[in-house]
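Chemist: First, the structure itself, so that you have it in front of you.
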Amino acid sequence: MIRVIRETHETPPFVQRRIARAGGLNRFGEPNFRVVWGGSRLGWIGGRWTDRDANGSTIRKKIELRQVPKYLPLDRWHIERWFPPESYGSPDIWHAQTIETEDGIRIPALGPYPSRGEYEHCFTLQDAKGNFVPLTPEACEWIVRAIDWARRQPNSARRAAIYAREARRECERDHAADCILDSASPTPAMA
Amino acid sequence: MAQMQNAQSVALQLEKVRDKLPLLYERDDILLTMIQQRGDVERVSSRNMRLPLQIRPGGKAGLANMDGGDLGRGSGTVYDVAQVTPVFFRHAVEITKLVEYASNAPEKAIENAAKREVKNAMAQFRSFLDKVIQTNGNGVLGTISSIASNTFTMAKPPGSVLVYYNQTIQVYDPTLTTNRGSCNVTAVDPFGSTISVDSVPAGTSPNDVIVHDGLSGAQPVSLFGILYHQSNATTGTWLNLNRATYPVELATPRVNGNNSALTPGAVRLAINKVRKSLGSNQVSKLIAYTSLEQEHQWEQLGVTISQIIKEGAGGRASDLDLLFTGEKSMAGVPIKSSINANQSRVDFLDLSHWGRAVMQDIDFYDVGGQTVFPIYGASGGLASAYIFYFVTGFQVWNESPRSGAYIDNLAIPSGY
């Protein structure tokens, strides 16, 4: 019996090109943004692994460095942004922060220092209910431009937007409470 | 024929809205109500609710010599029982005749006053419970760092965000042994992290803590909140289990933020700890529960669709484009932020392992069918006011502390 372990996909070149145009290139001539398939994008995770069977029972525990899919869900397209190596601190800081010791074994929890920087998750292409959304260059370009534009806005504007959302939610909660109570006790004015 | 008393009218109005109280209460926009009342759990009595936990695996596996070799002895799974006892909370609502008279439509006055107070009080009660669920099970809402006259400057986190105006609070010594007395909050400044009180209890000193009303005695017990369940402590108790007995199994994986700003690396470290513990693909139910401050910090990194985009078109951007409806995420984990959350933490929670043991659902306090009670004046006569209460009795539990993770000691971004 053939068992599919993990579905993998390569990102179509025309999508990558369009995103590279929208987001620009980094100091290594690589795109600042890229799209990856969840099942294809692997990352290092080191430490004590607990492997379980389908019922959740422990099969084994092992201390090792593994390459596993970096993002979940596996069956979605994800947009990533490049971070320069200095944003992870120096190699010494990286090791100080990420080395874990298990049974006396020192193991890098996030793998080796990202000396050429690293791509980090920005956005998962799925709808509000978490359903699959197909890969389209227009959507990807829009998201890249939106993230890039928002990043260049002043901190105060971003903070104000968060507070505006909270105020709006408060109004929505108040309105919802009114609706609930009005339905319980209609007043002559509502009739 | 006896005149109908005002309180009777209010009682009728309260009765009308009574079956709507759960709808007002159970909106899943705060952490408390995101934690579901589990259908598979019996409603609890005043006895402890017991949560059997399979804590350690059993059996001894190994190579065997089938040519007469010794197969060795075995072992069994280690089980233990966590226990939860509900605690009761009340919210008292007092309406004066002046409130009633303030209505400009006499035929609707009583109904409007009652409805308005039910709505406002429920919002306040929910807010109070949401604040308490941020704490570590002892009702501590903050720590006094300095005192100037009647004003306390509170240590941050959490500062003064867990306190609200006109709340009755109590001051305890730092070891939660001595109750110095209670006072009422007369002002709250969440940005300045200060609260003012009507009278400072005798003996109040810096490093004392404030707790909510109703607690008494040494080491008071309140709602078991985030800081209680999401902890890597190896001493003390957790749901009646001794943490020292199961120092690994009961500890939630932690990443120390070291007073630095939130980074993608720290987030990945925390999520990966859950993946290593539960299996690499078992994090689909996680949420990243955090404060507005850390949400803002995450936005500053430029790795998410910013709220500034989402708030376009008056916050209705989601109506314009399907892509706007995607939730903000941290490394793919949806962000749920709260104004009450600890400002220096990000908690990764799998709420499918959390539940509420409920003894009493939200309701009006009821004595023989009476829900509205008169207030008496100092003379013994009636006061021109009446009172009713919301009551609920429950406790929060978590059957799998290792299914979450947290980052603490994060720097709080400037401007907050």
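As given, the protein sequences belong to chains A and B, one line each in that order. Numbering of the first sequence is given in numbering that gives the first Met the number 0, commencing with residue 0 and proceeding in unit increments. Numbering of the second sequence is given in numbering that gives the first Met the number 0, commencing with residue 0 and proceeding in unit increments. Don't be surprised by glycine CBs; every beta carbon is placed ideally from N, CA and C.
1. Express the C-alpha separation of residue 346 of chain B and residue 174 of chain A in angstroms, rounding to a whole number.
2. Taking its Cβ as the centre, do 16 or more other Cβ atoms sit within 10 Å of residue 309 of chain B, making it buried, or is it exposed?
3. Taking Cβ-Cβ distances shorter than 7 Å, what residues in chain B pair up with residue 72 of chain A?
4. Could you compute how far the alpha carbon of residue 371 of chain B sits from the alpha carbon of residue 80 of chain B?
5. So with CB distances below 7 Å, who are the chain B contacts of residue 48 of chain A?
6. Round the Cβ separation of residue 76 of chain A and residue 124 of chain A to the nearest angstrom and send it over; I've been treating them as touching at under 8 Å.
7. With a CB to CB cut of under 8 Å and the five nearest residues on each side skipped, what residues in its chain are close to residue 321 of chain B?
8. With three or more beta-carbon pairs closer than 8 Å as the criterion, would you say the segment 149-167 of chain A touches the segment 102-112 of chain A?
9. Does residue 121 of chain A get closer than 7 Å to chain B when you measure Cβ to Cβ?
10. When you compare each of B:229, B:349 and B:392 to residue 247 of chain B by their alpha carbons, which one comes out closest?
11. Whose C-alpha, out of A:79, A:120, A:78 and A:62, is nearest the C-alpha of residue 99 of chain A?
12. Using a threshold of 7 Å, state whether the C-beta atoms of residue 287 of chain B and residue 404 of chain B are closer than that.
13. How would you write the range of the alpha helix (DSSP H) that residue 271 of chain B sits in, first residue to last?
14. Unbroken beta strand (DSSP E) runs of length 3 or more, entirely within the segment 42-117 of chain A: which are they?
15. Note down, in chain order, all residues in the segment 17-42 of chain A with a beta-carbon under 7 Å from any beta-carbon belonging to chain B.
16. Report the option in B:111, B:293 and B:277 whose CA atom is closest to the CA atom of residue 49 of chain A.
17. Using 8 Å as the threshold, is the segment 377-385 of chain B in touch with the segment 169-176 of chain B, meaning 3 or more CB pairs across them?
18. Decide yes or no for the touch test of the segment 133-140 of chain B against the segment 226-246 of chain B: beta carbon pairs closer than 8 Å, at least 3 of them.
19. Run down chain B in chain order and give the residues with a C-beta less than 8 Å from the C-beta of residue 87 of chain A.
20. Compare the C-beta of residue 271 of chain B against all C-beta atoms of chain A and say whether one is closer than 7 Å.
21. On the CB-based measure, 16 or more other CB atoms within 10 Å of its CB, does residue 4 of chain A come out buried or exposed?
22. Taking Cβ-Cβ distances shorter than 8 Å, what residues in chain B pair up with residue 97 of chain A?
23. Do you know whose CA, among B:113, B:77 and B:86, lies nearest residue 93 of chain B's CA?
24. For residue 64 of chain A, return the contacting residues in chain B, with the cut-off set at a CB-CB distance below 9 Å.
25. What would DSSP say about residue 223 of chain B, mapped onto helix, strand or coil?
26. Can you tell me where the alpha helix (DSSP H) with residue 127 of chain A in it begins and where it stops?
27. List the DSSP bridge partners of residue 50 of chain B.
28. Of the residues that make up the segment 123-151 of chain A, which ones have a beta carbon closer than 7 Å to any beta carbon in chain B?
29. In the structure shown, what three-state DSSP assignment does residue 306 of chain B receive?
30. Determine the burial state of residue 294 of chain B: buried for a count of at least 16 other Cβ atoms within 10 Å of its Cβ, exposed for fewer.
31. Could you tell me how far apart the beta carbons of residue 84 of chain A and residue 113 of chain A are, in whole angstroms, since I believe they sit closer than 8 Å?
32. Buried or exposed for residue 59 of chain B, please, with buried defined as at least 16 other CB atoms from any protein chain shown within 10 angstroms of its CB.
33. Please check if any C-beta of chain A sits within less than 7 Å of the C-beta of residue 305 of chain B.
34. Who are the near neighbours of residue 236 of chain B in its chain, counting only those whose CB is closer than 8 Å to its CB and skipping five residues on each side?
Modeler: Reading off the structure:
1. Stepping through the first sequence from its first residue, residue 174 of chain A is reached at position 175. Stepping through the second sequence from its first residue, residue 346 of chain B is reached at position 347. Going from the Cα of residue 174 of chain A to the Cα of residue 346 of chain B covers about 30 Å.
2. Position 310 of the second sequence, counted from the start, is the residue given in the question as residue 309 of chain B. Result: buried.
3. In the first sequence, the residue the question calls residue 72 of chain A occupies position 73. The contacting residues are 283.
4. By 1-based counting over the second sequence, the position of residue 371 of chain B is 372. By 1-based counting over the second sequence, the position of residue 80 of chain B is 81. Straight-line Cα distance between these residues: approximately 41 Å.
5. Walking along the first sequence from the start, residue 48 of chain A turns up at place 49. The contacting residues are 275.
6. The sequence position of residue 76 of chain A within the first sequence is 77, counting from 1. The sequence position of residue 124 of chain A within the first sequence is 125, counting from 1. The C-beta distance from residue 76 of chain A to residue 124 of chain A rounds to 4 Å, short enough to meet the 8 Å contact threshold.
7. By 1-based counting over the second sequence, the position of residue 321 of chain B is 322. Confidence at residue 321 of chain B is low in this model, with a pLDDT of 49, below 50, so its placement is unreliable and the value that follows should be read with caution. Correct list: empty, nothing qualifies.
8. Too few Cβ pairs lie closer than 8 Å, so no.
9. Position 122 of the first sequence, counted from the start, is the residue given in the question as residue 121 of chain A. Closer than 7 Å: yes.
10. Numbered from its first residue, the second sequence carries residue 247 of chain B at position 248. Checked all of B:229, B:349 and B:392; the closest Cα to residue 247 of chain B is B:229.
11. Start at 1 with the first residue of the first sequence, and residue 99 of chain A comes out as number 100. Checked all of A:79, A:120, A:78 and A:62; the closest Cα to residue 99 of chain A is A:62.
12. Counting from 1 along the second sequence, the entry for residue 287 of chain B is found at position 288. Counting from 1 along the second sequence, the entry for residue 404 of chain B is found at position 405. In this structure, residue 404 of chain B does not lie closer than 7 Å to residue 287 of chain B by Cβ.
13. Looking up residue 271 of chain B in the second sequence gives position 272. Here the alpha helix (DSSP H) through residue 271 of chain B covers 263-277.
14. 57-68, 76-82, 98-101 and 104-107
15. none
16. On the first sequence, residue 49 of chain A is found 50 positions in, with the first residue counted as 1. When only C-alpha atoms are compared, the closest one is B:277.
17. no
18. yes
19. To locate residue 87 of chain A, count along the first sequence from 1; it is residue 88. Neighbours of residue 87 of chain A on chain B, chain order: 262 and 264.
20. Position 272 of the second sequence, counting from 1, holds the residue named residue 271 of chain B. Chain A, which has a Cβ nearer than 7 Å to the Cβ of residue 271 of chain B, makes this yes.
21. In the first sequence, residue 4 of chain A corresponds to position 5, counting from 1. Counting Cβ neighbours within 10 Å, residue 4 of chain A comes out exposed, since fewer than 16 surround it.
22. Looking up residue 97 of chain A in the first sequence gives position 98. Near residue 97 of chain A (Cβ distances below 8 Å), the residues of chain B are 264 and 268.
23. In the second sequence, the residue the question calls residue 93 of chain B occupies position 94. Considering only alpha carbons, the answer is B:113.
24. The sequence position of residue 64 of chain A within the first sequence is 65, counting from 1. Result: empty, since nearest Cβ-Cβ is about 11 Å, beyond 9 Å.
25. By one-based count along the second sequence, residue 223 of chain B stands at place 224. Reduced to three states, the DSSP call for residue 223 of chain B is coil.
26. Counting from one through the first sequence, the residue named residue 127 of chain A turns up at place 128. Where residue 127 of chain A is concerned, there is no enclosing alpha helix (DSSP H), given that its DSSP letter is neither H nor E.
27. Sequence index remark: in the second sequence, residue 50 of chain B carries index 51 (1-based). Paired residues: B:81.
28. 123, 125, 126, 127, 138, 141, 142, 145, 146, 149 and 150
29. Here residue 306 of chain B refers to the residue found at position 307 of the second sequence. Residue 306 of chain B: helix per DSSP, three-state reduction.
30. Here the question's residue 294 of chain B lines up with position 295 in the second sequence. Burial call: buried.
31. For the purposes of this step, residue 84 of chain A is identified with residue 85 of the first sequence, where counting begins at 1. For the purposes of this step, residue 113 of chain A is identified with residue 114 of the first sequence, where counting begins at 1. Confirmed, about 6 Å.
32. On the second sequence, position 60 is the one that residue 59 of chain B refers to. Result: exposed.
33. Counting from 1 along the second sequence, the entry for residue 305 of chain B is found at position 306. Yes, its Cβ sits closer than 7 Å to a Cβ of chain A.
34. Along the second sequence, read from residue 1 onward, the residue named residue 236 of chain B stands at position 237. The residues are 242.
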